[in-house]
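Engineer: In our numbering, the protein residues as written are 1 to 206. Note that CB positions come from ideal geometry on N, CA and C, so glycine has one too.
1) For the candidate residues 172, 163, 94 and 120, whose alpha-carbon lies nearest to that of residue 41?
2) If you check the beta carbons only, do residue 155 and residue 116 fall under 8 Å apart?
3) Inspect the beta-carbon positions of residue 38 and residue 113 and report whether they are closer than 8 Å.
4) Could you spell out the range, first to last residue, of the beta strand (DSSP E) harbouring residue 69?
5) In whole angstroms, what separates the C-alpha of residue 225 from that of residue 150?
6) Leaving out five residues before and five after residue 168 in sequence, what residues of the same chain have Cβ atoms less than 8 Å from its Cβ?
7) Excluding the 5 residues preceding and the 5 following residue 90 in the sequence, name in chain order all residues of the same chain whose CB lies nearer than 7 Å to its CB.
8) Tell me the DSSP bridge mates of residue 83?
9) Which residue comes first and which comes last in the beta strand (DSSP E) that contains residue 37?
10) How long is the line joining the alpha carbons of residue 208 and residue 80, rounded to whole angstroms?
11) What would DSSP say about residue 182, mapped onto helix, strand or coil?
12) Quick one: Cα of residue 140 to Cα of residue 183, how far?
13) So, for residue 201: in the same chain, excluding its five sequence neighbours on each side, which residues have a beta-carbon less than 7 Å away from its beta-carbon?
14) Check residue 148 in the structure and name its three-state DSSP category.
15) Please classify residue 199 as buried or exposed, where buried requires at least 16 other C-beta atoms within 10 Å of its C-beta.
16) If you draw a straight line from the C-alpha of residue 87 to the C-alpha of residue 203, how long is it?
17) Give the list of continuous beta strand (DSSP E) stretches no shorter than 3 residues that lie fully inside the stretch 105 to 181.
18) Taking only three categories from DSSP, how would you classify residue 196?
19) Let me know if residue 93 comes out buried or exposed under the rule of 16 or more other beta-carbons within 10 Å of its beta-carbon.
20) Less than 7 Å between C-beta atoms, sequence neighbours within five positions excluded: which residues of the same chain meet that for residue 138?
21) Would you mind giving the Cβ-Cβ distance between residue 107 and residue 30, rounded to the nearest angstrom? I have them listed as a contact below 8 Å.
22) Counting C-beta neighbours from all protein chains within 10 Å, is the total for residue 25 16 or more, i.e. buried, or is it exposed?
Take a look at the structure:
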């Protein structure tokens with residue numbers, strides 16, 4: 001019984017850490033104007049909910065501040081966030097994939113969201129190109145990586161998406177940092193949010 005409980009907890013933690021898993025709600029009318037005034041293409045926007053899942057993540061992550069991340073892009077007249085996430089269909093029959101949505105929607109799915117904005121230590125062209133790569137993956141509707149396998153980039157989870165897009169422009173966001181998870185039926189090496197925020201290649205902005 002204890003083994004089954006641990007396995008379930010481990011699965012829930014991974015879902016929370018790599019997809020921002022939460023109850024389905026309608027995005028709130030969160031005022032993001034102050035945040036959006038600071039955004040640049042290629043920035044990383046992290047978030048964590050304040051419910052049970054958020055606290056579960058905090059107990060697993062080396063820092064415990066965030067559970068999900070997306071890449072900021074400028075699309076049309078507004079700021080969008082590209083992120084890899086399951087259980088957020090945009091329409092009936094939609095599948096788990098890399099998607100693009102307004103900043104207010106990305107953050108507004110919690111009543112009291114905790115979030116942070118980070119910027120890669122790279123030149124503006126590298127950051128802009130990394131964002132463009134993220135948008136391309138969203139437009140291709142790349143599937144969500146339910147196996148959390150960083151060796152396979154045909155499917156991506158949230159932190160893997162950020163790591164991959166910056167690797168394409170020669171920036172190692174995580175500096176190779178990984179977090180080991182060891183449970184009876186779930187173990188491996190994964191990119192947790194803290195593996196990115198602890199990097200010397202990222203600077204906190206907001």
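Structural biologist: Looking at the coordinates:
1) Scanning 172, 163, 94 and 120 for the CA closest to the CA of residue 41 turns up 120.
2) Result no, Cβ atoms of residue 155 and residue 116 do not sit closer than 8 Å.
3) Not closer than 8 Å, so no.
4) It spans 68 to 75 - the beta strand (DSSP E) in which residue 69 sits, taken as one unbroken run.
5) The first residue shown for the chain is 1 and the last is 206, placing residue 225 beyond what the model contains.
6) The answer, listed in chain order, is 129, 130 and 133.
7) Taken in chain order, the residues that qualify are 99.
8) According to DSSP, residue 83 bridges with 99.
9) For residue 37, no beta strand (DSSP E) encloses it, and the DSSP letter there is neither H nor E.
10) There is no way to answer for residue 208, as the model of the chain reaches only from 1 to 206.
11) Three-state DSSP puts residue 182 in a strand.
12) Each residue's CA atom was taken as its position, placing residue 140 and residue 183 some 34 Å apart.
13) Correct list, in chain order: 120, 121, 171, 172, 173 and 175.
14) For residue 148, the secondary structure class from DSSP, reduced to helix, strand or coil, is coil.
15) With a 10 Å radius around the Cβ and a threshold of 16 neighbouring Cβ atoms, residue 199 comes out buried.
16) Residue 87 and residue 203: Cα-Cα distance of roughly 30 Å.
17) Runs of the beta strand (DSSP E) lying entirely within the stretch 105 to 181 and spanning at least 3 residues, in chain order: 114 to 120.
18) The answer is helix: DSSP assigns residue 196 an H, G or I state.
19) Its Cβ having fewer than 16 others within 10 Å, residue 93 is exposed.
20) Non-local C-beta neighbours of residue 138 in its own chain, meaning closer than 7 Å and more than five positions away in sequence, comprise 82, 98, 99 and 100, ordered along the chain.
21) The Cβ separation is near 5 Å, so the contact holds.
22) Reliability fails at residue 25, whose pLDDT of 46 lies under 50, so the model's placement of it is uncertain and the value that follows must be treated cautiously. Exposed is the call here.
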